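Residue 3 is where the sequence shown starts when you use the numbering used here, and the numbers rise one by one after that. Below is one structure, written out as structure tokens, with a few remarks after it.
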Amino acid sequence: MLSKKLEKELNKQLNKELFSAYIYTSMSAYFVSENMLGFAHWMHTQAQEEMSHAQKFYNFINERGARVTLEQIDKPQTEWQSSLQAFEDALKHEEFITASINNLVNIALEEKDHATHIFLQWFVTEQVEEEASVNDIINKLKLMKDAPGALFMLDRELGQRQIDSEEA
Ligand code: OFO
Numbered sequence: 003m004l005s006k007k008l009e010k011e012l013n014k015q016l017n018k019e020l021f022s023a024y025i026y027t028s029m030s031a032y033f034v035s036e037n038m039l040g041f042a043h044w045m046h047t048q049a050q051e052e053m054s055h056a057q058k059f060y061n062f063i064n065e066r067g068a069r070v071t072l073e074q075i076d077k078p079q080t081e082w083q084s085s086l087q088a089f090e091d092a093l094k095h096e097e098f099i100t101a102s103i104n105n106l107v108n109i110a111l112e113e114k115d116h117a118t119h120i121f122l123q124w125f126v127t128e129q130v131e132e133e134a135s136v137n138d139i140i141n142k143l144k145l146m147k148d149a150p151g152a153l154f155m156l157d158r159e160l161g162q163r164q165i166d167s168e169e170a
């Protein structure tokens, strides 16, 4: 059985994962409006993975005999000045999620809740990968400095992204 505190905190994380899906869907829509369909596909895939993260929290809360309670999801930003700005915001968002997961790990440790601690390890690793992949795209965007040919190539590359098998 989960403590009341962990039940509340895991529900808050479930809401953050749903918000993550929402913000990446909004970024995807922005890229569609810019005719950058590979970037849009990358963001759409990211949103799908976030829905899978939310589902993992949903299942875990239920499996531990606690109650899932859904809250309002904040309105996401809808416009960005450039692809670089969108990805810089994505990185900031992932850093916020990393801090939130780390905080959850701390609570699980304080409460000596080993099952929650083990459950969260997947997310600790996932956050390292998420920050690294967004950072990689930011670095490429900075290098190409809006050169249309390079942007076209990157759009093609991002259009190849497949959903991670652990999240499908
Ligand atoms: Fe982006 O990893 Fe979940 O939120």
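Using N, Cα and C, we set each Cβ at its ideal position, and we do this for glycine too. The model shown is predicted, which means the values in this text are computed figures rather than measured ones.
How close, in whole Å, do the beta carbons of residue i and residue j come, if the pair is a contact with beta carbons under 8 Å?
{"i": "Met29", "j": "Ala92", "result": "7 Å"}
{"i": "Leu156", "j": "Gln15", "result": "At roughly 32 Å, the Cβ-Cβ gap does not stay under 8 Å, so Leu156 and Gln15 are not in contact."}
What residues in its chain sit with their C-beta under 6 Å from that of residue i, if we drop five residues either side in the sequence?
{"i": "Ala68", "result": "Leu4, Glu9"}
{"i": "Glu97", "result": "none"}
To which residues of the same chain is residue i closer than 7 Å at the C-beta, ignoring the five residues directly before and after it?
{"i": "Thr100", "result": "Gln129, Glu133"}
{"i": "His2", "result": "Nothing can be reported for residue 2: it is not among the residues displayed for the chain, which extend from 3 to 170."}
Use the C-beta contact count for residue i: other C-beta atoms within 10 angstroms, 16 or more gives buried, fewer gives exposed.
{"i": "Asp138", "result": "exposed"}
{"i": "Thr127", "result": "exposed"}
{"i": "Glu52", "result": "buried"}
{"i": "Ala40", "result": "For the sequence presented, residue 40 should be read as Gly rather than Ala. Its Cβ being crowded by 16 or more others within 10 Å, Gly40 is buried."}
{"i": "Asn104", "result": "exposed"}
{"i": "Glu168", "result": "exposed"}
{"i": "Gln48", "result": "buried"}
{"i": "Ala88", "result": "buried"}
Which of the three DSSP states, helix, strand or coil, is assigned to residue i?
{"i": "Ala49", "result": "helix"}
{"i": "Ile165", "result": "coil"}
{"i": "Glu159", "result": "helix"}
{"i": "Gln74", "result": "coil"}
{"i": "Lys6", "result": "helix"}
{"i": "Trp44", "result": "helix"}
Requested in this report: Evaluate the contact criterion for the stretch 56-73 versus the stretch 25-33: three or more CB pairs, one atom per stretch, below 8 Å.
Outcome: No, the stretch 56-73 is not in contact with the stretch 25-33.
Query raised in the report: Between the stretch 16-26 and the stretch 72-88, do at least 3 Cβ pairs fall closer than 8 Å?
Result: Contact between the stretch 16-26 and the stretch 72-88 is present, because at least three Cβ pairs lie under 8 Å.
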